[in-house]
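Chemist: Each residue of the sequence shown is one higher than the last, beginning at 3 in this note's numbering.
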Amino acid sequence: MKRLRKKLNDTFNSINMKLAIVFMLMLLATIEVIGAYFTRQLEQTSIENFQSSIQIQTVVSNQLANQLASDSKNANDHLNQIVNDYNNDAISEIIVVDNKDTIRAVSNLNDKSKIGQRINNTDVKRVISTGHQINKVIDDHGNYMIQISPLTSGNGSNNNVGAIYVKASMQDVFNNLRQISLTFLIASLIAALLGAFLALVISRAITQPIEEMQKQALHIADGDYSSQVKIYSNDELGQLGRAFNTLSVRIERSQEESDSERRRLDSVLSHMSDGVLATDRHGNVSVVNQMALNFLNVKEEDVINKPIAEVLGLKDTSSQDLISSQKEIVVTIDPNTRDEMILHASFSLIKRVTGFVSGSVCVLHDVTEQQKNEDSQKQFVSNVSHELRTPLTSLQAYIEALNEGAWKDPNIAPKFLEVTQQETSRMIRMINDLLSLSRMDRGVSKMDLEFVNLNDFVNHILNRFDMIVKTDKNNDKKKKYTIKRELGNQALWVEIDTDKMMQVIDNIMNNAIKYSPNGGVITVRLTQNKNHVILSISDQGLGIPRKDLGKIFDRFYRVDKARSRAQGGTGLGLAIAKEIVEAHHGRIWADSSEGKGSTFYISLPYEPMTEEDDWDEV
3 MKRLRKKLND TFNSINMKLA IVFMLMLLAT IEVIGAYFTR QLEQTSIENF
53 QSSIQIQTVV SNQLANQLAS DSKNANDHLN QIVNDYNNDA ISEIIVVDNK
103 DTIRAVSNLN DKSKIGQRIN NTDVKRVIST GHQINKVIDD HGNYMIQISP
153 LTSGNGSNNN VGAIYVKASM QDVFNNLRQI SLTFLIASLI AALLGAFLAL
203 VISRAITQPI EEMQKQALHI ADGDYSSQVK IYSNDELGQL GRAFNTLSVR
253 IERSQEESDS ERRRLDSVLS HMSDGVLATD RHGNVSVVNQ MALNFLNVKE
303 EDVINKPIAE VLGLKDTSSQ DLISSQKEIV VTIDPNTRDE MILHASFSLI
353 KRVTGFVSGS VCVLHDVTEQ QKNEDSQKQF VSNVSHELRT PLTSLQAYIE
403 ALNEGAWKDP NIAPKFLEVT QQETSRMIRM INDLLSLSRM DRGVSKMDLE
453 FVNLNDFVNH ILNRFDMIVK TDKNNDKKKK YTIKRELGNQ ALWVEIDTDK
503 MMQVIDNIMN NAIKYSPNGG VITVRLTQNK NHVILSISDQ GLGIPRKDLG
553 KIFDRFYRVD KARSRAQGGT GLGLAIAKEI VEAHHGRIWA DSSEGKGSTF
603 YISLPYEPMT EEDDWDEV
């Protein structure tokens, strides 16, 4: 039922049905107006013709007037004879009245008794007195026409001798009028049906191209440009259809260009290394790329339609002021939720041709690394200055003392010269380490790579440290230590620069010996893990605090600055070790707990060699 009601509603709401209904209503209105006018004119003409048909002939009127004017005794008989002899089938009654309002003759034999009586009809009296004819239609158990005409005698128009009353039935006239009206009604209905059919045909011919254009418009709205409007004629609708087809093609081209530009823009935005946020004129974010989401560590739904000042975490600045000022600002992302990130934000307005500002674009550039580098450079300069100032101050003090005569004292002078030599050596080591780091930073440090059995290589280095312990075993001032080896017997061939890798292992071993207690055990392990070989060196020293583990490979960083400097360290050994290991595409890290010692790990790439490879190597 609902479907039928909807279908009927759609049918009656269609322009085709509306045009047909309008045409039918116009046709019916025209037919009705013409019919009403025609019927009215026909009725008036019929009445006038009927009125003329019942008009008493002039000869008879004169005879009646002459008889009324005479004083003959037989006048009434002559009057009745004239009335009875008058032949008119339409007339049902005739009454002759003299100017004294006395009935002198009647046509109906049943009314003979009325002769000689005075008539009470006011219309008859009016006609006798005025001499003007009266015609009217009455409904006396049927439709009748009453015609009262004056009777005049002589030449004078005002010499009224009486009046003649004529009553005639109009039933045939009205029957004819009804028949004609019925015929006209039937003809009108037939014309209305034909008109409705023609109206539907004509409206269909008019609306069919419009319906096709409507369907094509809906297809265009859905993104389908393949169909075309069919052209039925060369009139205005045909020209409109051609124009619509042309418009469809142009819209398709424009849409393709727009889609291409949007895809290009999306591709540019998605592959940009900078974050981009676009806002409307109120400062609410409308477009954001993935890089900006990554920078801000948020989701797209958390940013869209939000004020840009709120998105950037600027609580004391409104979005409008931020956009209008177009100042470049630095935004620091909350380090509590992630690693601290520093962003440089620059703003530019989006203006129309008229100058109206419709929005703005904010570009976020990650300057975290740049800021860190700048901070590192400042820290590096500060550390180098500090590290050089201490030995230089010592040198200056001892040289001044020697200058003031201490060189003459045989007990003091050698000690002062020894300290001066130690500080000079320390500065030379520091400068050499800095030069090494500088060469590696600039990529000019050459790597002399060769395949080495890492097992034998590490054993060779450890043998050297064992030899040092054996050589100095009688020296009570030297620290005693034991090296525990867990290297295995498998040959692990890796491609390394032996001199540089020896420098790395020496540095870690020296630190292990330096920070281990006297008589401590240093454990060296060599393990294989998938495509990597891992060398670990563990000591039994004081350990490294958890907060310092991530910084021990930074340049000039010391966990215990006073102790490290007293033991002659430059603070660059682990930094150099990290650069060398990473140049070998490896990784170095440390694990430690305070009071339980430290373990340093070196991971290097390793590819197992087959028997054929071993044979080729031999």
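Every residue gets a Cβ at the ideal spot worked out from N, C-alpha and C, and that includes glycine. All values reported here derive from a predicted model rather than from experimental measurement.
1. By the three-class DSSP mapping on this structure, what secondary structure does H134 have?
2. Kindly indicate which three-state DSSP category M449 falls into: helix, strand or coil?
3. Exposed or buried, which one is Q149 when buried takes at least 16 other CB atoms within 10 Å?
4. So is the beta-carbon of A77 under 7 Å away from any non-hydrogen atom of the ligand FMN?
5. Ends of the alpha helix (DSSP H) at N296?
6. A577 and R557 look like a contact to me (Cβ under 8 Å); what is the Cβ gap, rounded to whole Å?
7. Got a sec? Which residues, its chain only, sit under 7 Å from S605 by beta carbon, not counting five neighbours each side?
8. Between the Cα of V24 and those of N82, G543, D304 and I204, spot the shortest distance and give me the residue it belongs to.
9. Name, in chain order, the residues that DSSP records as bridge partners for F602.
10. Only counting the same chain, and skipping five residues up and downstream in sequence, which positions put a Cβ closer than 8 Å to that of L494?
11. Figure out for me which residue from M449, V506, M504 and G521 has the closest Cα to the Cα of K486.
12. To the nearest angstrom, how far is the alpha carbon of L202 from that of V270?
13. Per the contact definition of three or more C-beta pairs closer than 8 Å, is the segment 28-43 in contact with the segment 181-197?
14. State buried or exposed for V496, treating a residue as buried only when at least 16 other CB atoms are found within 10 Å of its CB.
15. Keeping to the same chain, check which residues put their C-beta closer than 6 Å to that of W591; ignore five residues upstream and five downstream.
16. Can the beta-carbon of F349 be found closer than 8 Å to that of L324?
17. Let's test the definition: count the other Cβ atoms within 10 Å of the Cβ of F246 and tell me whether it reaches 16, buried, or not, exposed.
18. In chain order, what residues of the same chain lie with their CB nearer than 7 Å to the CB of S595, ignoring the 5 residues before and after it?
19. What does M343 pair with, by DSSP beta-bridge criteria?
20. Are the beta-carbon atoms of S272 and N291 separated by less than 8 Å?
21. Classify G407 as helix, strand or coil using the three-state DSSP reduction.
22. Alpha carbon to alpha carbon, how far is G277 from K217?
23. Does DSSP put L494 in a helix, in a strand, or in coil?
24. Is any beta-carbon of chain C found at less than 8 Å from that of S540?
25. What's the gap between the Cα of R428 and the Cα of T422?
Modeler: Walking through what the data contain:
1. As a first step, residue 134 is located in the sequence shown; it is residue number 132 there, counting from the start. In this structure, DSSP gives H134 a state outside helix and strand, which the three-state scheme calls coil.
2. The count along the sequence shown starts at 1 and reaches residue 449 at position 447. Of the three classes helix, strand and coil, the one that applies to M449 here is coil, per DSSP.
3. For the purposes of this step, residue 149 is identified with residue 147 of the sequence shown, where counting begins at 1. Counting the other Cβ atoms within 10 Å of the Cβ of Q149 gives 16 or more, which makes it buried.
4. No copy of the ligand FMN occurs in the structure displayed, which carries no ligand at all.
5. By 1-based counting over the sequence shown, the position of residue 296 is 294. DSSP places N296 inside the alpha helix (DSSP H), whose first and last residues are Q292 to L298.
6. Here the question's residue 577 lines up with position 575 in the sequence shown. Here the question's residue 557 lines up with position 555 in the sequence shown. Correct: roughly 4 Å between the Cβ atoms.
7. Locating residue 605 in the sequence shown gives position 603, counting from the first residue. The answer, listed in chain order, is H534, I536, G588 and R589.
8. Residue numbering aside, residue 24 sits at position 22 when the sequence shown is read from its first letter. V24 has its Cα closest to that of I204, out of N82, G543, D304 and I204.
9. Numbered from its first residue, the sequence shown carries residue 602 at position 600. Paired residues: I539 and A592.
10. Within the sequence shown, the letter at position 492 stands for residue 494. Once the five neighbours on either side are set aside, the close Cβ partners of L494 are N455, L456, N457, L528, Q530, V535 and Y608.
11. Indexing the sequence shown from 1 puts residue 486 at position 484. Its Cα nearest to that of K486, the residue G521 stands out among M449, V506, M504 and G521.
12. In the sequence shown, residue 202 corresponds to position 200, counting from 1. In the sequence shown, residue 270 corresponds to position 268, counting from 1. Their Cα atoms are separated by approximately 57 Å.
13. yes
14. The count along the sequence shown starts at 1 and reaches residue 496 at position 494. Classification for V496: buried.
15. Residue mapping note: residue 591 aligns to position 589 of the sequence shown, counting from 1. Cβ within range, chain order: Y603.
16. The residue given as residue 349 occupies position 347 in the sequence shown. The residue given as residue 324 occupies position 322 in the sequence shown. Yes.
17. As a first step, residue 246 must be located in the sequence shown, where it is residue number 244. Buried, by the Cβ-count rule.
18. Taking the sequence shown and counting its residues from 1, the one referred to as residue 595 is at position 593. Around S595: G545.
19. Taking the first residue of the sequence shown as 1, we reach residue 343 at position 341. In the DSSP output, where bridge partners are listed per residue, M343 has I335.
20. On the sequence shown, residue 272 is found 270 positions in, with the first residue counted as 1. On the sequence shown, residue 291 is found 289 positions in, with the first residue counted as 1. Yes, these two residues count as a Cβ contact at 8 Å.
21. Looking up residue 407 in the sequence shown gives position 405. In the structure shown, G407 sits in coil (DSSP, three-state: anything other than H, G, I, E or B).
22. Walking along the sequence shown from the start, residue 277 turns up at place 275. Walking along the sequence shown from the start, residue 217 turns up at place 215. Cα-Cα distance, rounded: 43 Å.
23. By 1-based counting over the sequence shown, the position of residue 494 is 492. Secondary structure of L494 (DSSP, three-state): coil.
24. Of the chains in the structure shown, none is chain C; there is only one protein chain.
25. Counting from 1 along the sequence shown, the entry for residue 428 is found at position 426. Counting from 1 along the sequence shown, the entry for residue 422 is found at position 420. Their Cα atoms are separated by approximately 10 Å.
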